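Participant: Input: one structure, supplied below.
Protein chains: 6
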Amino acid sequence: MTSTAVGPGALGAAALVNGAPHFNGWVQAPSALVVETIARAGFASVTLDAQHGFATFDRIVEGIAAAALAGRPALVRLPLDGFSLAAQALDAGAAGVIAPMIDDAAMARAFVAAVKFPPIGRRSWGPNRGLSFSGLSRDGYLAEANRRTLALAMIETVEALAALDDILAVEGLDGVLIGPNDLSVALSGGAAVDPALPAVVKALDAIVAAARRAKKPAAIFANTPTLAADYAARGFSLVCLGPDLAFLQQGAARALADVGEASARP
Amino acid sequence: MTSTAVGPGALGAAALVNGAPHFNGWVQAPSALVVETIARAGFASVTLDAQHGFATFDRIVEGIAAAALAGRPALVRLPLDGFSLAAQALDAGAAGVIAPMIDDAAMARAFVAAVKFPPIGRRSWGPNRGLSFSGLSRDGYLAEANRRTLALAMIETVEALAALDDILAVEGLDGVLIGPNDLSVALSGGAAVDPALPAVVKALDAIVAAARRAKKPAAIFANTPTLAADYAARGFSLVCLGPDLAFLQQGAARALADVGEASARP
Amino acid sequence: MTSTAVGPGALGAAALVNGAPHFNGWVQAPSALVVETIARAGFASVTLDAQHGFATFDRIVEGIAAAALAGRPALVRLPLDGFSLAAQALDAGAAGVIAPMIDDAAMARAFVAAVKFPPIGRRSWGPNRGLSFSGLSRDGYLAEANRRTLALAMIETVEALAALDDILAVEGLDGVLIGPNDLSVALSGGAAVDPALPAVVKALDAIVAAARRAKKPAAIFANTPTLAADYAARGFSLVCLGPDLAFLQQGAARALADVGEASARP
Amino acid sequence: MTSTAVGPGALGAAALVNGAPHFNGWVQAPSALVVETIARAGFASVTLDAQHGFATFDRIVEGIAAAALAGRPALVRLPLDGFSLAAQALDAGAAGVIAPMIDDAAMARAFVAAVKFPPIGRRSWGPNRGLSFSGLSRDGYLAEANRRTLALAMIETVEALAALDDILAVEGLDGVLIGPNDLSVALSGGAAVDPALPAVVKALDAIVAAARRAKKPAAIFANTPTLAADYAARGFSLVCLGPDLAFLQQGAARALADVGEASARP
Amino acid sequence: MTSTAVGPGALGAAALVNGAPHFNGWVQAPSALVVETIARAGFASVTLDAQHGFATFDRIVEGIAAAALAGRPALVRLPLDGFSLAAQALDAGAAGVIAPMIDDAAMARAFVAAVKFPPIGRRSWGPNRGLSFSGLSRDGYLAEANRRTLALAMIETVEALAALDDILAVEGLDGVLIGPNDLSVALSGGAAVDPALPAVVKALDAIVAAARRAKKPAAIFANTPTLAADYAARGFSLVCLGPDLAFLQQGAARALADVGEASARP
Amino acid sequence: MTSTAVGPGALGAAALVNGAPHFNGWVQAPSALVVETIARAGFASVTLDAQHGFATFDRIVEGIAAAALAGRPALVRLPLDGFSLAAQALDAGAAGVIAPMIDDAAMARAFVAAVKFPPIGRRSWGPNRGLSFSGLSRDGYLAEANRRTLALAMIETVEALAALDDILAVEGLDGVLIGPNDLSVALSGGAAVDPALPAVVKALDAIVAAARRAKKPAAIFANTPTLAADYAARGFSLVCLGPDLAFLQQGAARALADVGEASARP
Ligand SMILES: [Mg+2]
Ligand SMILES: [Mg+2]
Ligand SMILES: [Mg+2]
Ligand SMILES: [Mg+2]
Ligand SMILES: [Mg+2]
Ligand SMILES: [Mg+2]
């Protein structure tokens with residue numbers, strides 16, 4: 073397994089900023105074959121969701137391997153306030169981690185502290201599979217890891233929008249990832265879950281512009297393919313689709329509908 | 073949880089013979105949420121596959137519960153020559169079991185022996201969740217279980233086709249389930265995996281007719297919705313679709329294609 | 073599975089305040105059949121203990137399903153300072169969560185923030201089984217979830233007793249749950265584990281009175297049936313018994329004693 | 073951990089024949105703490121049930137350790153026709169294995185073949201924890217293992233009763249274990265599950281006498297303490313009580329009843 | 073992951089016959105990182121042991137992925153009489169399976185039946201990861217799988233030695249693997265576990281010669297490096313070393329001894 | 073299992089200060105047999121690593137039992153900022169816990185609060201296996217636990233070195249454990265992972281001296297046996313070696329090298 077395919081650096085922040093939109097498959101029920109199926113379905117990377125999904129640490133270890141078997145790097149979304157999983161995921165070979173509900177620069181700095189080695193942060197030494205994926209020596213990994221492993225902060229609250237430039241300015245934070253569902257809940261005062269809410273849509277272009285100014289990628293989760301296309305067109309460089317359970321439901325419902333259509337044909 | 077919804081008897085052989093076609097969702101990667109998703113997607117029942125899938129006993133116990141939560145009974149496909157799992161699945165609340173590669177009446181009798189209580193078979197007493205799902209007393213469960221839990225033999229070899237009437241005549245065997253992929257491998261001498269093979273298609277009507285003569289349901293696995301509709305039209309009363317990993321792949325691929333289409337729109 | 077039986081709302085705070093005492097079965101070793109056995113033994117609900125028990129997230133997902141199969145809602149007790157599990161448990165279908173060692177209003181507010189959606193808290197959107205249990209639409213779930221999912225703060229320290237009214241006044245906190253063992257350790261300065269300690273007993277009526285003033289339920293864990301009856305008589309509306317391992321030990325010891333008695337009979 | 077406490081030999085057949093009745097705690101839901109609780113509750117040994125219980129191999133490995141921590145040897149009941157688990161359980165440190173539904177001498181010999189090393193059987197070399205529990209050298213273990221690890225055949229069918237002397241005469245078979253529930257099903261032609269059935273009771277003394285003639289212990293599973301006392305009085309040397317889930321149910325129901333009684337006291 | 077590295081065909085029988093000795097790392101406690109460590113330690117392939125090791129199916133699925141991540145194919149040793157795991161292991165991507173205690177041609181044919189597709193055997197269609205590892209189409213996999221997935225029969229009894237030529241002549245059996253420990257137990261009538269037993273050593277050259285006549289590889293398990301070198305020199309083409317737990321013990325003991333030596337230096 | 077062997081108190085701080093150096097085996101991939109192998113290899117205790125290793129809570133429960141079977145107490149290293157696991161590990165029978173990255177007295181006090189009962193800390197009552205290991209009554213355990221269960225703070229940052237005396241002075245903290253790898257990263261400003269760095273070596277004697285002044289043990293992790301001997305000579309009373317995966321790699325590589333040497337001999 074070459075390091076460029078799945079190891080640290082596979083998902084470089086610089087490449088994300090400059091490259092074509094990158095589509096990521098979001099996984100909430102990560103048994104090995106589910107992850108391998110998503111990883112082979114056409115996505116450039118996968119995310120294992122430990123916040124709203126069922127990605128416990130055992131399954132993260134297994135899921136990173138499953139994605140790597142298909143030549144795809146894996147991101148891990150941390151639980152709320154669950155920074156202690158960040159280095160564990162990187163030690164297990166994740167290409168980066170995503171922290172939900174980062175509201176201000178202080179939280180972003182705390183997140184970076186958990187992800188990056190000194191002098192930027194306080195990640196502790198102990199890469200296991202992360203080191204073997206990298207193909208690097210110990211000192212080589214230490215030198216490269218901060219650059220090659222992504223720390224992405226989720227922007228999904230009113231507070232975060234207000235602090236966006238400050239958050240993006242935090243050294244060691246590699247980019248932001250918009251949670252449009254939570255953003256819609258926040259911007260509607262708890263009245264609606266709807267990424268099409270005008271207040272949400274309006275915020276998107278400002279976020280992309282802020283990320284460009286900071287020379288850092290802006291990523292986003294998309295509820296539907298139509299939204300995904302729209303987000304890519306607006307300049308988001310990493311667009312997450314899913315989750316797996318939605319694909320599963322859609323595939324199953326489509327099959328049953330196709331049976332009905334085929335049965336109705338004369 | 074009422075016994076009629078998910079317990080023994082939920083999938084009665086008599087109802088299958090006389091009723092409208094019953095569509096079953098086939099699950100190979102059965103974590104709880106995957107099974108719940110399939111069980112809520114429109115299928116009348118689910119199958120947990122322990123032959124070609126990853127349904128170890130722990131996951132069968134969890135998967136039967138997951139299906140039951142969605143009000144759906146669960147079948148379990150046994151591994152090749154894996155009759156010892158049969159009673160374990162029924163003890164855990166399965167509505168029936170499916171044995172692969174039953175080639176003759178002797179194998180069918182051995183399968184029945186593992187599934188049915190005396191005097192028909194030698195299933196041993198020890199229902200756990202099977203009993204609580206049933207809502208019956210101990211003696212009531214003993215009296216009803218043989219009728220309420222299905223034993224389905226897979227017909228998927230040349231030998232099985234030749235012995236079909238004998239197999240269907242075995243007391244305690246509730247029906248047959250055709251494996252068209254293996255049947256195509258068998259009928260082509262190992263040359264092709266293709267349920268559309270004329271020799272396979274030709275066998276189907278004879279199988280349905282034989283099952284009707286025996287007053288037992290004929291079931292079948294369908295690779296595609298078109299085949300599923302065709303099988304239902306031919307008189308198969310239980311048609312299995314899937315597996316889950318195919319639905320997942322199709323749902324994911326469809327989403328990515330939809331992104332492409334949406335992006336291409338002006 | 074109807075939403076009123078096990079979903080959000082199954083354990084409404086208002087009903088607890090006004091209704092007859094509710095007895096809850098406490099589970100520390102939650103495999104599926106253990107939870108199903110407790111849930112069918114006569115308790116109105118179960119608690120899965122992730123603080124002093126072995127309820128890891130996988131087992132919580134499995135245990136909530138097991139309780140639901142028996143028609144019983146499940147609460148989850150979080151680990152010390154483990155608020156990140158709160159929303160995960162609710163996403164997996166828990167009817168509420170219990171936080172240990174809440175010492176003051178600030179901690180209670182942090183707990184509520186993890187449990188309730190905006191504008192009360194900052195729970196993030198992503199219900200999975202919670203949504204399917206509820207039988208509601210996405211917007212319906214968002215509108216109802218704060219009311220239907222319980223946040224109970226454990227009162228078990230000197231500091232908590234002093235801050236009781238402030239804690240009960242926190243918006244979004246649904247009630248308190250007394251830990252009499254820890255309270256006895258605290259009130260004895262680490263000298264005894266004994267819920268019968270006069271200082272503990274004396275605190276109970278004050279707690280019930282404070283909860284009544286706040287129109288919120290007071291719950292409590294009971295080491296013995298005698299204490300449980302006493303607590304119910306004092307006005308606690310939710311009384312937890314157990315844990316499962318104690319029931320198991322008592323049932324086994326009783327059986328062995330009965331063998332001895334039967335053997336001694338002439 | 074000394075070998076005499078939990079290793080091979082802990083449950084010697086000779087001692088069972090000559091000693092006072094030995095009471096064994098039956099476990100169907102074997103997480104570590106459940107097994108430790110049963111092992112500390114007063115039983116001389118435990119059985120991990122892989123036929124009607126949930127003792128998969130992972131849990132057998134864990135359960136044997138849990139029993140050993142409490143100084144108790146563990147037996148493992150195999151699934152129906154599941155002889156391949158026999159040596160695995162012994163390799164993991166079990167003191168013996170129990171095979172269900174042994175109907176004749178040929179089945180008994182096949183069972184022995186799976187349990188005993190040459191020249192008696194064909195157990196393959198590879199003890200892991202079995203060897204470390206024994207405190208013996210490799211050659212010492214090979215010399216002693218056949219004597220120290222028990223092979224117990226379940227007698228629970230009409231056929232088995234007829235072949236009892238032949239089964240007991242099989243070299244390497246250490247004893248028999250009666251399954252009175254299945255025996256009642258068998259002797260009633262599938263009409264009742266009731267160990268108090270006269271035909272069952274009548275068979276018991278003949279079984280004990282046959283075992284005495286063969287100088288091998290007769291063991292039995294007891295549904296209730298009263299039956300257990302009766303079986304011990306009849307000369308059964310190993311009496312199994314349980315299962316754990318019944319103890320759990322009884323302990324929980326007792327606690328709830330005690331709450332009711334305490335509440336009713338003035 | 074290219075098919076030539078880890079998929080079916082990675083361990084071709086023809087290459088084994090003609091190539092330099094191939095050293096295989098034997099794994100009994102296969103968590104992901106243990107397998108990855110062995111797979112990167114210099115072995116050309118790994119074996120996951122489900123007979124005397126702890127390789128349950130979940131861990132086999134995980135272990136095959138772990139070996140593949142390190143670019144190494146994985147074999148799986150089946151439990152005694154556990155042929156039903158054979159196709160499951162191949163479906164999960166194993167490069168071959170090893171059956172213990174094959175005593176005659178009839179057992180060898182039954183083993184081959186479980187491993188090979190028609191017309192040679194009766195393996196059932198359902199490759200999952202096996203197919204994705206292969207990089208082939210469905211029909212391509214069907215055409216190639218029998219040649220690319222190894223069926224190795226263990227020769228470790230007196231009966232097997234007597235039937236060696238017959239076993240080697242079984243169509244579809246790809247080679248034999250000698251179990252020198254069990255062979256020593258068998259040849260000593262249960263008196264010793266010692267691969268250096270003259271009767272064992274004497275049998276080795278005859279086995280190699282018989283395999284050469286049959287143009288099939290002879291493999292063997294080696295207790296020590298010295299034996300491994302000797303076996304390679306005698307013409308065994310596949311030599312298995314281990315198990316992992318022995319390497320672990322030796323590495324730990326070496327480290328402690330080195331501490332002692334370093335401490336003793338002035 | 074006697075309490076002095078593996079229970080609380082097995083690893084008393086006082087004994088560590090005064091006794092001969094104690095060597096501990098470090099485990100990152102803790103399946104049962106891996107832990108048992110390390111525990112029997114000559115170490116006086118083991119550590120289960122939940123920071124950089126794969127010791128999830130299920131495996132900690134299993135691993136503590138595995139160590140205890142071999143008569144060895146187990147420590148648990150917590151994840152970064154993962155104090156909520158501390159009491160869970162102690163409840164499961166750990167002899168102590170290790171917290172990484174303790175930078176100042178405030179963090180040390182927060183750590184102690186999670187580990188010690190009142191009045192020193194706020195550990196909550198609920199020992200399960202900890203209590204049964206101890207052989208004590210409930211009140212006895214409460215009285216003894218603070219003394220018998222170790223809280224060790226890792227010193228591995230520039231800040232921690234500066235605050236060393238303050239940290240050691242924290243009541244209830246039992247000792248310090250040096251992380252020389254992270255210390256080298258910190259002292260080199262992220263430039264090197266090298267415990268032989270002069271700045272690191274220079275710090276060691278000061279640390280030992282400070283610990284002596286505080287009458288608390290100084291422990292350390294050693295990358296190599298040579299370093300371990302050096303650390304013991306400098307006065308560290310607890311020296312950790314490993315991890316297991318390094319022993320495994322070394323044992324495997326040594327075996328392969330020995331094969332090569334044996335093959336090269338004439
Ligand atoms: Mg460190
Ligand atoms: Mg039975
Ligand atoms: Mg969110
Ligand atoms: Mg062998
Ligand atoms: Mg088939
Ligand atoms: Mg408490």
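Chains as they are written, first to last, in the numbering used here: chain A, 73 to 338; chain B, 73 to 338; chain C, 73 to 338; chain D, 73 to 338; chain E, 73 to 338; chain F, 73 to 338. C-beta: ideal position from N, C-alpha, C; glycine also. Note that the structure is predicted; figures quoted are calculated from it, not measured.
Going by DSSP, what residue range makes up the beta strand (DSSP E) through G168/F?
Facilitator: Segment G168 to A171, the beta strand (DSSP E) holding G168/F.
Participant: How many whole angstroms separate the CB atoms of I239/B and A177/B, which I take to be in contact at a CB cut-off of 8 Å?
Facilitator: Yes, they are in contact, since the Cβ atoms of I239/B and A177/B sit about 6 Å apart, within 8 Å.
Participant: Which runs of the beta strand (DSSP E) spanning at least 3 residues fall entirely within the region 143 to 219 of chain B, listed in chain order?
Facilitator: Runs of the beta strand (DSSP E) inside the region 143 to 219 of chain B: 146 to 149 and 168 to 171.
Participant: Helix, strand or coil: which one does DSSP assign to S117/C?
Facilitator: Looking at S117/C - three-state DSSP - the assignment turns out to be strand.
Participant: Comparing the C-beta of Q322/A with each C-beta of chain C, is any distance below 8 Å?
Facilitator: Output row for Q322/A: interface = no.
Participant: Helix or strand or just coil, what does DSSP make of A263/E?
Facilitator: It is coil, neither helix nor strand.
Participant: Grouping DSSP H, G and I as helix and E and B as strand, with all else coil, what is V311/B?
Facilitator: Looking at V311/B - three-state DSSP - the assignment turns out to be strand.
Participant: Which residues, in order along the region 241 to 253 of chain B, keep a beta-carbon less than 7 Å from a beta-carbon of chain D?
Facilitator: Here the close residues number zero.
Participant: How would you call G193/C, buried or exposed, if buried means at least 16 neighbouring beta carbons within 10 angstroms?
Facilitator: Answer is buried; the Cβ neighbour count reaches 16.
Participant: Give me the Cα-Cα distance between S156/B and G154/D, rounded to the nearest whole angstrom.
Facilitator: Answer to the nearest angstrom: the Cα atoms are 7 Å apart.
Participant: Who are the near neighbours of N295/C in its chain, counting only those whose CB is closer than 8 Å to its CB and skipping five residues on each side?
Facilitator: Cβ neighbours of N295/C beyond the five flanking positions: P252, N253 and P267.
Participant: What are the start and end residues of the alpha helix (DSSP H) that includes G323/B?
Facilitator: Taken as a continuous stretch (DSSP letters only), the alpha helix (DSSP H) holding G323/B covers D316 to A336.
Participant: Mind checking whether the beta-carbon of S196/E lies closer than 7 Å to any heavy atom of ligand 5?
Facilitator: Correct: S196/E has its Cβ closer than 7 Å to ligand 5.
Participant: Helix, strand or coil for L249/C? Go by DSSP, reduced to three states.
Facilitator: Strand.
Participant: Is the CB of L310/D under 8 Å away from at least one CB in chain C?
Facilitator: False, the Cβ-Cβ gap to chain C never drops below 8 Å.
Participant: Is N90/B buried or exposed, if buried means 16 or more other CB atoms sit within 10 Å of its CB?
Facilitator: Classification of N90/B: exposed, given that the 10 Å Cβ count is below 16.
Participant: Is D330/F close to chain E, meaning its C-beta is less than 8 Å from at least one C-beta of that chain?
Facilitator: So, interface residue.
Participant: Can you confirm whether V133/F, when its beta carbon is compared against all beta carbons of chain D, has any partner nearer than 8 Å?
Facilitator: True, the Cβ-Cβ gap to chain D drops below 8 Å.
Participant: Residues in the same chain with beta-carbon distance under 8 Å from R210/C, minus the five sequence neighbours each way, listed in chain order, please.
Facilitator: Once the five neighbours on either side are set aside, the close Cβ partners of R210/C are L203.
Participant: Let me know if K188/A comes out buried or exposed under the rule of 16 or more other beta-carbons within 10 Å of its beta-carbon.
Facilitator: Buried is the call here.
Participant: Can you tell me which of Q160/E, A167/E and V106/E puts its alpha carbon nearest to the alpha carbon of W197/E?
Facilitator: Checked all of Q160/E, A167/E and V106/E; the closest Cα to W197/E is Q160/E.
Participant: Can you tell me the Cα-Cα spacing of A291/F and V311/F, whole angstroms?
Facilitator: Near 6 Å, if we compare the C-alpha coordinates of V311/F and A291/F.
Participant: Tell me which residues share the same chain as A104/A and place their Cβ nearer than 6 Å to its Cβ, disregarding the 5 neighbours each side in the sequence.
Facilitator: Once the five neighbours on either side are set aside, the close Cβ partners of A104/A are E134 and A138.
Participant: Could you run through the region 106 to 124 of chain A and flag, in chain order, every residue whose CB is less than 8 Å away from some CB of chain B?
Facilitator: Correct list: V106, T109, I110, R112, A113, G114 and F115.
Participant: Quick one: what does DSSP say G91/B is sitting in, helix, strand or coil?
Facilitator: Three-state DSSP puts G91/B in coil, outside helix and strand.
Participant: Ligand 6 and N253/C: does any heavy atom of the ligand fall closer than 7 Å to the residue's C-beta?
Facilitator: Yes.
Participant: Evaluate contact between the region 142 to 151 of chain E and the region 226 to 233 of chain D, counting only Cβ atoms and requiring at least three cross-stretch pairs below 8 Å.
Facilitator: In short, these stretches do not touch, since the Cβ pair count stays below three.
Participant: Any heavy atom of ligand 3 closer than 7 Å to the CB of P29/A?
Facilitator: Past the edges of chain A, shown from 73 to 338, lies residue 29/A, and the structure says nothing about it.
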